[in-house]
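Down below is the structure, laid out as structure tokens.
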Amino acid sequence: MDNFEKKPIRAYKKKNVTVYTTKISELADKDPRRTYLDFYRTFNLYEMYSEMGFYLILAGSRNFLNQDIKIAVDKMFETYSDFISDYSSVSHVMVKEMMKQWNVSSTVKISPQILATRYGVTRTVFDNALKSRSKYTVSIYEMITLGLVPDPRNPQTMFNSVESYQTLKMLIMRNIIGDGLHFLTIEQVAEKTGISLEDLKHPEKLCRTRDRYLNAYDLLTVKTPAYDIETLKRRK
Numbered sequence: 001m002d003n004f005e006k007k008p009i010r011a012y013k014k015k016n017v018t019v020y021t022t023k024i025s026e027l028a029d030k031d032p033r034r035t036y037l038d039f040y041r042t043f044n045l046y047e048m049y050s051e052m053g054f055y056l057i058l059a060g061s062r063n064f065l066n067q068d069i070k071i072a073v074d075k076m077f078e079t080y081s082d083f084i085s086d087y088s089s090v091s092h093v094m095v096k097e098m099m100k101q102w103n104v105s106s107t108v109k110i111s112p113q114i115l116a117t118r119y120g121v122t123r124t125v126f127d128n129a130l131k132s133r134s135k136y137t138v139s140i141y142e143m144i145t146l147g148l149v150p151d152p153r154n155p156q157t158m159f160n161s162v163e164s165y166q167t168l169k170m171l172i173m174r175n176i177i178g179d180g181l182h183f184l185t186i187e188q189v190a191e192k193t194g195i196s197l198e199d200l201k202h203p204e205k206l207c208r209t210r211d212r213y214l215n216a217y218d219l220l221t222v223k224t225p226a227y228d229i230e231t232l233k234r235r236k
């Protein structure tokens, strides 16, 4: 991530245009769920820019307004990269076999129909997605690997899901960015929220029960500072 640091604004169009767009592409290769829109939503960038407006900045069609916002965006990319797992070696064949093994050993079954309903797609669309490496196969891999499978008979496990896990990761990342001028380490986020460092590094543990998840969600949400928009969006 060193190539994101301390580059002057004037160098942006010549050098940094490929840094941001290339980085998003590289991250999508590791995890197809990681897209420009996911990045935009993770850091609540709608508080400062429209989707198109921010994209034009990353694409080099517009300049950053000042050095502070550029530094903040660079820190966002650094944080986003740190929290992404490399699933580039995960294949649809591997995931199908994992589903079979899970259903043999677990009382809570994973079926294509249940998953299609959860992801809001038709069974046909979901079946086709499982024929290649996709965001769905990666989510299933993560689900099984981290044990993020809710038991419909036990309401306490309702947040033991990939979706809840990703939500907590997004909140942790957003807390690290702070007000956009003063960044925090994950250790400082732990101190500020009262959530253990171990749980912040492994948020799947916070998803195991409804009470733990909601407590962590509330703490991370309440402790998230607003962006210092006046400074970040001031013109040079």
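In terms of UniProt numbering, the sequence shown opens at residue 1 and continues consecutively.
Built from N, CA and C at the ideal position, the CB exists for glycine as well.
(request) Would you mind working out which of Trp102, Met99, Lys23 and Asp31 sits nearest Asp86, comparing C-alpha positions? (result) Within the sequence shown, the letter at position 86 stands for residue 86. For Asp86, the closest C-alpha among the options Trp102, Met99, Lys23 and Asp31 is that of Asp31.
(message) Count Cβ pairs between the region 135–151 and the region 107–125 that sit closer than 8 Å; are there 3 or more?
(response) yes
(request) With DSSP collapsed to three states, give me the class of Lys13. (result) Position 13 of the sequence shown, counted from the first residue, corresponds to residue 13. Low confidence applies here, because Lys13 scores a pLDDT of 46, under 50, leaving its location unreliable and the question unanswered by this model.
(request) Would you tell me roughly how many angstroms separate the C-alpha atoms of Arg10 and Gln156, rounded to the nearest one? (result) As a first step, residue 10 is located in the sequence shown; it is residue number 10 there, counting from the start. As a first step, residue 156 is located in the sequence shown; it is residue number 156 there, counting from the start. The predicted position of Arg10 is uncertain, since its pLDDT is 45 and thus under 50; a value taken from the coordinates is nonetheless stated next. For Arg10 and Gln156, the distance between alpha carbons rounds to 53 Å.
(request) For the region 54–115, list the alpha helix (DSSP H) runs that are entirely contained and at least 4 residues long, ordered along the chain. (result) 67–82 and 92–105
(request) Measure the alpha-carbon distance for Gln188 versus Asp29 and round it to whole angstroms. (result) As a working note, residue 188 is residue 188 in the sequence shown. As a working note, residue 29 is residue 29 in the sequence shown. Rounded to whole angstroms, Gln188 to Asp29 spans 31 Å at the Cα level.
(request) With a threshold of 16 other CB atoms inside 10 Å of the CB of Thr122, please say whether the residue is buried or exposed. (result) Against the sequence shown, residue 122 aligns to sequence position 122. That one is exposed.
(message) Given a cut-off of 8 Å on the beta-carbon distance, is the pair Ile172 and Phe183 in contact?
(response) Counting from 1 along the sequence shown, the entry for residue 172 is found at position 172. Counting from 1 along the sequence shown, the entry for residue 183 is found at position 183. Result no, Cβ atoms of Ile172 and Phe183 do not sit closer than 8 Å.
(request) State the DSSP-derived secondary structure class of Tyr20, mapped to helix, strand or coil. (result) The residue you call residue 20 lines up with position 20 of the sequence shown. It is helical.
(request) From the DSSP output, in three-state form, read off Leu148 for me. (result) Position 148 of the sequence shown, counted from the start, is the residue given in the question as residue 148. Three-state DSSP puts Leu148 in coil, outside helix and strand.
(request) Would you grab the beta carbon distance between Leu181 and Ala190 for me? Rounded to a whole angstrom, and I think it's under 8 Å. (result) As a working note, residue 181 is residue 181 in the sequence shown. As a working note, residue 190 is residue 190 in the sequence shown. With 8 Å as the limit, Leu181 and Ala190 do not qualify as a contact, their Cβ atoms being about 21 Å apart.
(request) Give the straight-line distance between the Cα atoms of Val19 and Thr35, rounded to the nearest whole angstrom. (result) Locating residue 19 in the sequence shown gives position 19, where the first residue counts as 1. Locating residue 35 in the sequence shown gives position 35, where the first residue counts as 1. Taking the straight line from one Cα to the other gives about 15 Å.
(message) Is it buried or exposed, Tyr136, if we count other Cβ atoms within 10 angstroms and call 16 or more buried?
(response) Here residue 136 refers to the residue found at position 136 of the sequence shown. Tyr136 should be labelled buried.
(request) Measure the C-alpha to C-alpha separation of Arg234 and Asn66 and round it to an integer number of angstroms. (result) Locating residue 234 in the sequence shown gives position 234, where the first residue counts as 1. Locating residue 66 in the sequence shown gives position 66, where the first residue counts as 1. Near 7 Å, if we compare the C-alpha coordinates of Asn66 and Arg234.
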